[in-house]
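Below is one structure; the comments refer to it alone.
Number of protein chains: 2
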Amino acid sequence: MALIVQKYGGTSVGTLERIQAVADRVIRCKEAGDDIVVVLSAMSGETNRLLGLAQEIDENASEREKDVLVSTGEQVTIALLSIALQKKGCDAISMTGDQIRMHTDNAHGKARITDIDDHNIHAHLKDNKVVVIAGFQGRSPDNYITTLGRGGSDTTAVAIAAALKADECQIYTDVDGVYTTDPRVEPKARRLESITFEEMLEMASLGAKVLQIRAVEFAGKYNVPLRVLSSFTEGNGTLISYEGNKMESPVISGIAFNRDEASLTILGVPDKPSVAASILAPIGDANIDVDMIIQNSMGDNTADFTFTVHRNDYKRAKELLEETSSKLGAREVQGKDSLAKISIVGVGMMNHPGVAKTMFETLGDEGINMQLISTSEIKVSVVVDEKYLELAVRALHSAYNLEQ
Amino acid sequence: MALIVQKYGGTSVGTLERIQAVADRVIRCKEAGDDIVVVLSAMSGETNRLLGLAQEIDENASEREKDVLVSTGEQVTIALLSIALQKKGCDAISMTGDQIRMHTDNAHGKARITDIDDHNIHAHLKDNKVVVIAGFQGRSPDNYITTLGRGGSDTTAVAIAAALKADECQIYTDVDGVYTTDPRVEPKARRLESITFEEMLEMASLGAKVLQIRAVEFAGKYNVPLRVLSSFTEGNGTLISYEGNKMESPVISGIAFNRDEASLTILGVPDKPSVAASILAPIGDANIDVDMIIQNSMGDNTADFTFTVHRNDYKRAKELLEETSSKLGAREVQGKDSLAKISIVGVGMMNHPGVAKTMFETLGDEGINMQLISTSEIKVSVVVDEKYLELAVRALHSAYNLEQ
Chain A
94 MALIVQKYGG TSVGTLERIQ AVADRVIRCK EAGDDIVVVL SAMSGETNRL LGLAQEIDEN
154 ASEREKDVLV STGEQVTIAL LSIALQKKGC DAISMTGDQI RMHTDNAHGK ARITDIDDHN
214 IHAHLKDNKV VVIAGFQGRS PDNYITTLGR GGSDTTAVAI AAALKADECQ IYTDVDGVYT
274 TDPRVEPKAR RLESITFEEM LEMASLGAKV LQIRAVEFAG KYNVPLRVLS SFTEGNGTLI
334 SYEGNKMESP VISGIAFNRD EASLTILGVP DKPSVAASIL APIGDANIDV DMIIQNSMGD
394 NTADFTFTVH RNDYKRAKEL LEETSSKLGA REVQGKDSLA KISIVGVGMM NHPGVAKTMF
454 ETLGDEGINM QLISTSEIKV SVVVDEKYLE LAVRALHSAY NLEQ
Chain B
94 MALIVQKYGG TSVGTLERIQ AVADRVIRCK EAGDDIVVVL SAMSGETNRL LGLAQEIDEN
154 ASEREKDVLV STGEQVTIAL LSIALQKKGC DAISMTGDQI RMHTDNAHGK ARITDIDDHN
214 IHAHLKDNKV VVIAGFQGRS PDNYITTLGR GGSDTTAVAI AAALKADECQ IYTDVDGVYT
274 TDPRVEPKAR RLESITFEEM LEMASLGAKV LQIRAVEFAG KYNVPLRVLS SFTEGNGTLI
334 SYEGNKMESP VISGIAFNRD EASLTILGVP DKPSVAASIL APIGDANIDV DMIIQNSMGD
394 NTADFTFTVH RNDYKRAKEL LEETSSKLGA REVQGKDSLA KISIVGVGMM NHPGVAKTMF
454 ETLGDEGINM QLISTSEIKV SVVVDEKYLE LAVRALHSAY NLEQ
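Pasting the structure below:
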C-alpha cells in the first residue's frame, strides 16, 4: 500500500464532467489499495475571471484582498470533487489551506510555505478517507489567506507529499508527460519515461512548461518522486527523480527553447570588476529579469557586455542601458529583439565530452549563426535568430537521435 | 461618534457598479465620523449558481461540502468591496467568518452562532479601518466552515452588532423600509418610520419578507436597534426597536398576509388531552410545518381539530391525516388548499379593545367569509378564500387608516 498525492490542474477540473472523471480516476487508485490525497487547482479560467473583477475596480488592488478573492476558486473545486467522490460511494473530505495549516510567510500573492501540520491529513487518511486539498493557498502568521502565486498548486502538492513522506507525487495535466522537445515544433518528439530533477529544472526554466519550476525545486530538495501524467488519457507519464532511468542513459534528454528573447550589448565599457554591477543594477531595479550574461574583454582595457531579456522588456531595458552608457562613457549600445534560445539538456553530457561540438556542427551545417553561447554542466544554450528556431530544433533532435 | 454595522444584501452587491456604490455610501458614513463594520451577502444569484453545481453532481450532496462551496460567494464580495474602498482612499480589510472567529455549532447548512471573538474587529476599528465581514458563514468546533442558512447574513450582522455593542445595525436591501402592507396589493401602503421588534416578528413570519425572522429575534434578544433601508435610494428606512415611535402610536402598524395556505380538518375525534399530539406527531415527523391550530369541543365527547399548512404540503398532510383518522376512529377528514391568511399587527391593540371587531365588520361588509380566526396579544389573523386576498387587504388598510 502506497501513499500517493495527486494534483489535478485547472483543465482537469474545468467542467463538472471532468470533475466526475477525476473522481473515477481517484476511486480506481483508491480501490487498487493506495491512500490518496488530492490537491486541486481552480476550474480553468476562474482565477483569471476573479482577478479580472478586481482589476476592473483597481488595477493595483491590494495583494491581500486579491488572495481572499482568488482563493475561492480552489475552494469551489475541492467541495465539488468531494461531493462527486461521496456520490460514487467513496468517503472524502475537503480541506482548505487554512484547515490543513499550510503555514506561509506574509508575502501575499507569492507566499512561501514555511510549515505544514500534517496531523489533520493523517487523521482523515486513517479513517480511510480521500483528502481533497485546495492548492495554491495557505495562511500567514496573521491568520490571513495567502496564495503561492501562479502554478502554486503544483508546489502545494509537492509540499504535502514531502510533509506526508508520500511515495509519489503525481501531477495530472493536459499533456501526458515530458517530451524530448515540443511536439508542435518537432512531431517526432518522444515522451521520456524518466528524467532527473536537474534536467527537469533546465527544461522547465527554458520553456518546456509542463511543471512549475518551483515545484520541481521543492521536489528535488525533499526527494519526492514526481510524476507528470495526463488526466485525459491512460499512461505512465514521465517520472522525475534523482535517478532518472539508468537503462535509458542518453547523453541528451531533451531540447528546450524559448522564443521572445532579446539581446542587448554595450560596447567599450571600462574593463574593471565593478562594471557588470553598474550595468545590471538599473535593470534589476526596474524588475526586468536578465537571463544570459556574457562579458568579453577586448584587450584595450575595455570590454563588451551582452545580456538577454524577455522581448517585452526590450524597449525599457534599452533606454536604461543608454543612460548607463553615457555615465560609463561606453562606445555604443546595440540590441536585437527577435531572438530565440535553444538548449540541449542532459546529465549524460557530464561524462561525454564533444556533446557541444555536435550541436555547433549541426547548426553550422544548416547555416544557422549562433549569436550567443552559454554552457553549464548539464546544458548548452545558444541564441539564434528566431526565424531559425524550428529548423534548429528539428536538426538537433535528429542529430542526437532523440526520436530513437 | 457611533459604531454602525451595515449589512448589504445580494442585489446591493450584484454587480461591480453596485459594489462601487456601496463603497461610496460606506465612505459617506465613515466621513460623517462613525466607525463602520460592513457585512456582505454573496452577489445575487451566486449562492444558487453554486448550489446548482453541487446538485448537478448529487441532489443529496453533503451539507459540510455545500458549506465549503457556497461560503466562497461572500468571500468574493468582501474582497471586491475592500478593494473598491481602498481604491477610493478608505482603509479597509476583509474578514471571513473564520477570521473573526464566528463560532457556530456543527449543524452544517443551518448552523447557530455560539460565540464571536470581537477582538480582531475592535483592533482593526482602532486602526481606523472599515472592517468588511463575510455574512452567512462561521466555523464549527471542528474548525470546519459552516453556513447559517438562507438569510444568514442578516443574522451575522445582528450578531456582530450585539457582540460589538454597536449603536445601530442597518440592513440595506432593495426596499426602502417596512410598509403597512405589500404595496403591490395596496398602492396606498405607507412606509413606517418605526416598528417594534414584536410587531416586526409578526409581520415577518406572516410574509412581509423584508428581514429574516431569525435576525429580528436576535436583535430583540440583544436589544440591537435595527434599521431597514434601501441601498439604491436615500431615506431613513424603518427603525425596529423596543420603543417603536411613541409619537406615532398607531393601534395597528400593518397588515401582513400569506398566500399558499391550506387547511385540514379532522372531524369527530375523541375529546381527550392527548388527541392533539396524536394528530400532529405524524405531521411533524414528516417535516411539515403547521401554522394555525384550532380545536373545538363538540359537547358529545368528540372534537373537531383544524390546522393549516403550506399548500405544497397539503397532499402529503392529508394522506397522513387520513391514516390518523382511521386509527382514532374519527368521522371524516376535510381540507381546502386555496386559502390565504391575513393578519393585522400592532402593539397598540393591547390597550385598544374592539380592534378585532373592526376587522370582522370590515370583512363582513365586503362579503368575505372568515374560515379560521386566531388571535394573539398583538395580532389577529383570519384565513379566507385566497381569491378575496387583495380585496380584504385593501379594505382593512383603509378601515385602520393606514394610509394616514
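Sequence order for the protein chains is A and B.
Going by the numbering used here, the first residue of the first sequence is number 94, and it counts up by one from there.
Going by the numbering used here, the first residue of the second sequence is number 94, and it counts up by one from there.
C-beta atoms are modelled at their ideal positions from N, C-alpha and C, and glycine is treated no differently.
Nothing here was measured: the structure is a model prediction, and the numbers come from that model.
- If you look at residue 217 of chain A, you'll find it in the alpha helix (DSSP H) that goes 212 to 219.
- Among the CB atoms of chain B, none fall inside 9 Å of the CB of residue 410 of chain A.
- Assignment of beta strand (DSSP E) within the segment 223 to 268 of chain A, counting only whole runs of 3 or more residues, yields 223 to 227, 230 to 232, 238 to 240, 261 to 266 in chain order.
- A direct Cα-to-Cα measurement between residue 323 of chain A and residue 268 of chain B gives close to 52 Å.
- Spanning the alpha carbons of residue 485 of chain A and residue 157 of chain A requires a straight line of approximately 45 Å.
- Put simply, of B/346, B/326, B/419, B/333 the residue whose alpha carbon is nearest the alpha carbon of residue 359 of chain B is B/419.
- In this chain, residue 280 of chain A is not harboured by any alpha helix (DSSP H), its DSSP state being neither H nor E.
- Per DSSP, residue 397 of chain B is one residue of the beta strand (DSSP E) stretching across 395 to 403.
- Take the alpha-carbon of residue 292 of chain A and the one of residue 405 of chain A: they are about 27 Å apart.
- The secondary-structure analysis by DSSP pairs residue 349 of chain A across a beta bridge with A/436.
- In this structure residue 221 of chain B is exposed. Its beta-carbon is surrounded by fewer than 16 other beta-carbon atoms within 10 angstroms.
- Under the Cβ criterion of 9 Å, residue 237 of chain A is counted among the residues facing chain B.
- Contacts with chain A at 9 Å (Cβ-Cβ) include residue 177 of chain B.
- For residue 389 of chain B, the enclosing beta strand (DSSP E) stretches over residues 383 to 390.
- Residue environment analysis places residue 159 of chain A among the buried positions, since at least 16 neighbouring C-beta atoms fall within 10 angstroms of its C-beta.
- Judged by DSSP secondary structure, residue 472 of chain A falls within the beta strand (DSSP E) whose first and last residues are 472 to 478.
- Under the DSSP definition of a beta bridge, residue 196 of chain A partners with A/208, A/232.
- DSSP places residue 100 of chain A within a strand segment (E or B) once states are collapsed to three.
- Under the rule that a run must span 4 or more residues, the alpha helix (DSSP H) segments found entirely inside the segment 354 to 385 of chain B read 368 to 378.
- Taking a C-beta distance under 9 Å as the contact criterion, residue 287 of chain A and residue 336 of chain A qualify as a contact pair.
- Neighbours of residue 147 of chain A across chain B, judged by C-beta separation under 8 Å: 172, 173, 176.
- Neighbours of residue 127 of chain B in chain A, taken as residues whose beta carbon is under 7 Å from its own, are absent, since the nearest beta carbon is some 23 Å off.
- The straight-line gap separating the alpha-carbon atoms of residue 232 of chain B and residue 241 of chain B is approximately 10 Å.
- Taking 8 Å as the upper bound for CB-CB distance, residue 246 of chain A and residue 439 of chain A are not in contact here, some 29 Å apart.
- Taking a cut-off of 8 Å for Cβ pairs, the segment 137 to 145 of chain A and the segment 174 to 186 of chain A do not touch, as fewer than three such pairs fall below it.
- The way I'd put it, the segment 440 to 454 of chain B doesn't touch the segment 352 to 366 of chain B; fewer than three beta-carbon pairs between them come closer than 8 Å.
- With a cutoff of 9 Å on beta-carbon distance, residue 274 of chain A and residue 348 of chain A are scored as near each other.
- The Cβ atoms of residue 255 of chain B and residue 311 of chain B lie closer than 9 Å to each other.
- Under DSSP, residue 185 of chain B takes part in a beta bridge, and its partners are B/223.
- Under the DSSP definition of a beta bridge, residue 429 of chain B partners with B/356.
- Taking 9 Å as the cut-off, the beta carbon of residue 258 of chain B is found no closer than this to the beta carbon of residue 373 of chain B.
- Distances from the alpha-carbon of residue 123 of chain A to those of A/284, A/98, A/377, A/480 put A/98 closest.
- Using a CB distance below 9 Å, the part of the segment 157 to 168 of chain B facing chain A consists of 157, 158, 159, 160, 161, 162, 163, 164, 165, 166, 168, ordered along the chain.
- In the DSSP annotation of this structure, the continuous segment of the beta strand (DSSP E) that includes residue 465 of chain A starts and ends at 465 to 469.
- Residue 133 of chain B has B/101, B/227 as its beta-bridge partners, per DSSP.
- When rounded, the separation of the alpha-carbon atoms in residue 106 of chain B and residue 230 of chain B is 17 Å.
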